[in-house]
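J.: I have a structure I would like to understand better, so I am pasting it below and will then ask my questions one at a time.
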Amino acid sequence: MPMTASELSIEDGTPVRATTSAGELEGAWHHNVARFAGVPFAAPPVGTLRFRPPQPVEPWNDIRAAREFGPVCPQNPSLMDALFGGETEQWDEDCLYLNVWSADPTPGADRPVMVWIHGGGFEMGSGSSPLYHGEAFARSGVVLVTLNYRLGALGFLELGELDPSYSGSGNVGLLDQIAALEWVRDNIEQFGGDPRNVTIFGESAGAMSVSLLMTMPRARGLFHRAIAQSGAASAAKTPRDSAADTRTFMETAGIESVQGLVDAELPTLLAAHAATSAARMADPEGVIREHGNPLAFLPFRPVADGAEVPSEPLAAIEAGCAVGIPLVIGTTLEEWKLFALMSPPVGDEDALRERLGLMCTDPEGALAAYRTEHPDATLAEIECAALTDVVFRVPAVELADAQRAHAPVWQYRWDWGSPVMGGMIGASHAIEIPFVFDLVEDQRLHVFVGAEAPKPLARAVHESWSNFAATGAPDADGLPGWPALTPTSRPVLSFATDPSLLDDPAAGTLQFWLDQR
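The sequence shown begins at 831 in my numbering and counts up one residue at a time.
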């Protein structure tokens, strides 16, 4: 029988077993939490399965070791790895593995389940990053699942225009996530989880995935609550843009056919991806001018193909496709500060006005709105605030407003800023993740949040997320009352050293962009 966390004599490394529909697993205890790592949830997407939807995993007869994390999806190195406490991970095209943390892996324990979808711009990251280890969630009574999904060209290169049998290949990364959720539905009870109480949550590309899963018919019934951290349904690109991106990628790779892509060596695909991304980063104005969306910097994103993902994801949410799914959604105060570390700011006011004009029809009005709200801001700070709003805050508000008629929606803003690099990181993109996972004391993450990150704030947000999974309401000790949105009010919880409730903060700039839609 599996041992439970109440048996205090458990030592790290002690075996623990669970049975799945494919066979028996042997994990191990770590700090009184059972961890099952490297669990396959789909067949290896290799050979003829490249660019194809995930297929069922092959069952096994012997007890399968689940003590080490599985390989992650092939990806190019990222300068952000160091900021996020990243470590070198083995990658392989055989990458469809998930991980489970549970303090009571006993069938019938019926603990709430949380499934984390990692970020990374749909081109990097993994479910096994130390940033996402789940011991704290397990000790809070949650069964936590993290997962890998196919990234870059392997997960989001749409080939249907070249070969109709590959239609939908631009969304196989999302289909991988659905396959993992199906595994949770079929197996999580054996790990102490309740398959009738599943919360999906993610940050950045993970939050964009969460938002799009809310619209996908295949995903209905596989989860019951959602948390979107710095990402919304605006991530999906049109089939037209997708076809153009596919042509660009294939020209860069020097490949002329779908079969050539299927047969290509991974270094060829990764090199073409790196070259495509570098070309876009070298001409930000050109990218925004051509696509009208700063997210076009990401060459690989899900496709609003009208089949797997609705042609108008936000309209589908507004029409009630996610009825009954409570949502917590928010952004950080200074999302763009992270990306500003990798690109120079505008040089003068004319350059800022020109950049704003690429995103709206009234750049003077935009500049005036930000100067009203931020009278002492520098040009770089105004640019950061505007890009934070266009790429993150406004899409999150639109999603929140679309969903609030169909389920309770709570909105937050992450205001605590990291002191690292003299405050250059601030309240940037991804800054909340170590707090959500209650990992601010992990020395590997001090390069990002510093050594003195407020532990009470970490406890409060971690408890809030855990309670939302358990009860459907994000209440927690250390937080003020947090009411849901209404048609006439926008209460926003500010996560700061001293959390507080704000009434429609920065309403002027928000309304400016909403009027531009």
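Positions of the beta carbon are idealized from the N, C-alpha and C atoms, including for glycine. In this text the structure is predicted, and so the values were computed from the model without any measurement.
Would you give the residue range spanned by the beta strand (DSSP E) that residue 854 belongs to?
T.: Boundaries of the beta strand (DSSP E) harbouring residue 854: 853-860, taken from the DSSP string.
J.: Go to residue 1244, then tell me how far its beta strand (DSSP E) extends in each direction, as first and last residue.
T.: 1239-1244
J.: Looking at residue 923: is its Cβ nearer than 7 Å to the Cβ of residue 902?
T.: no
J.: If you run the structure through DSSP and keep just helix, strand and coil, what is residue 1040?
T.: Helix at residue 1040.
J.: Scan the segment 1224-1296 and note each continuous beta strand (DSSP E) run of 3 residues or more that stays entirely inside, going in chain order.
T.: The segment 1224-1296 contains, as complete beta strand (DSSP E) runs of 3+ residues, the segments 1239-1244 (chain order).
J.: Whose CA, out of 1043, 944, 1111 and 1302, lies closest to the CA of residue 1171?
T.: Of 1043, 944, 1111 and 1302, the smallest CA-CA separation from residue 1171 is found for 1111.
J.: For a quick check, are the C-beta atoms of residue 975 and residue 1042 less than 7 Å apart?
T.: no
J.: According to DSSP, is residue 1033 helix, strand or coil?
T.: strand
J.: Do the CB positions of residue 1348 and residue 932 come within less than 7 Å of each other?
T.: The chain is shown only over 831 to 1347; residue 1348 falls outside these bounds and no answer can be derived.
J.: Going by CA-CA distance only, name the one from 1198, 1326 and 1285 that's closest to residue 1342.
T.: With respect to the C-alpha of residue 1342, the residue from 1198, 1326 and 1285 having the closest C-alpha is 1198.
J.: Please state whether DSSP places residue 885 in a helix, a strand or coil.
T.: Residue 885: coil per DSSP, three-state reduction.
J.: Looking only at its own chain, which residues have a Cβ that is under 8 Å from the Cβ of residue 1132, when we skip the five neighbours before and after it?
T.: 952, 986, 1000, 1001, 1003, 1004, 1038, 1039, 1042, 1065, 1066, 1067 and 1139
J.: So for residue 1001, helix, strand or coil by DSSP?
T.: helix
J.: Assess, as a yes-or-no matter, whether the segment 1018-1035 is touched by the segment 940-959 under the definition of 3 or more beta carbon pairs within less than 8 Å.
T.: yes
J.: When DSSP labels each residue in this structure, what does residue 840 get in the three-state scheme?
T.: coil
J.: So, helix, strand or coil for residue 994, using DSSP?
T.: Of the three classes helix, strand and coil, the one that applies to residue 994 here is helix, per DSSP.
J.: Pick from 1083, 1181 and 939: whose alpha carbon is nearest that of residue 983?
T.: 1083
J.: Please name the residue or residues paired with residue 847 in a DSSP beta bridge.
T.: 856
J.: Looking at residue 1352: is its Cβ nearer than 7 Å to the Cβ of residue 1163?
T.: This structure cannot speak to residue 1352, because the chain is shown only from 831 to 1347.
J.: Whose C-beta lies closer than 8 Å to the C-beta of residue 1071 among residues of the same chain, with five residues either side of it excluded?
T.: 1121 and 1126
J.: For residue 973, report the span of its alpha helix (DSSP H) as first-last.
T.: Per DSSP, residue 973 belongs to no alpha helix (DSSP H); it is in the beta strand (DSSP E), 973-977.
J.: Taking residue 987 as part of the alpha helix (DSSP H), name the residues at either end of that continuous run.
T.: No alpha helix (DSSP H) holds residue 987; DSSP gives it neither H nor E.
J.: Check whether the segment 888-898 and the segment 865-873 are in contact - that is, three or more C-beta pairs closer than 8 Å.
T.: In this structure the segment 888-898 lies against the segment 865-873, because at least three pairs of beta carbons, one per stretch, are closer than 8 Å.
J.: Which residues in the same chain as residue 831 place their Cβ atom closer than 7 Å to its Cβ, once the five residues preceding and following it in sequence are excluded?
T.: The predicted position of residue 831 is uncertain, since its pLDDT is 31 and thus under 50; no value can be drawn from it.
J.: Check the DSSP bridge columns for residue 1180 and list the partner residues they point to.
T.: Per DSSP, none; premise fails for residue 1180.
J.: Check whether the segment 1251-1261 and the segment 1166-1185 touch, using three or more Cβ-Cβ pairs below 8 Å as the test.
T.: yes
J.: Quick one, which of 1079, 1275 and 1238 has its alpha-carbon nearest residue 1128's?
T.: 1079
J.: In angstroms with no decimal places, state the Cα-to-Cα distance between residue 1116 and residue 1184.
T.: 12 Å
J.: From this set, 1152, 1173, 949 and 1155, which residue's C-alpha is nearest residue 1114's C-alpha?
T.: 1173
J.: Less than 7 Å between the beta carbons of residue 873 and residue 1009, yes or no?
T.: no
J.: Is the segment 1223-1243 close to the segment 1135-1151, with three or more CB pairs under 8 Å?
T.: yes
J.: Return yes when the Cβ of residue 1266 is within less than 7 Å of the Cβ of residue 1291, no when it is not.
T.: yes
J.: Let's test the definition: count the other Cβ atoms within 10 Å of the Cβ of residue 843 and tell me whether it reaches 16, buried, or not, exposed.
T.: exposed
J.: Could you name the residues that DSSP lists as bridge partners for residue 1316?
T.: Answer is 1319.
J.: Under the three-state reduction of DSSP, which class applies to residue 904: helix, strand or coil?
T.: coil
J.: Less than 7 Å between the beta carbons of residue 853 and residue 890, yes or no?
T.: yes
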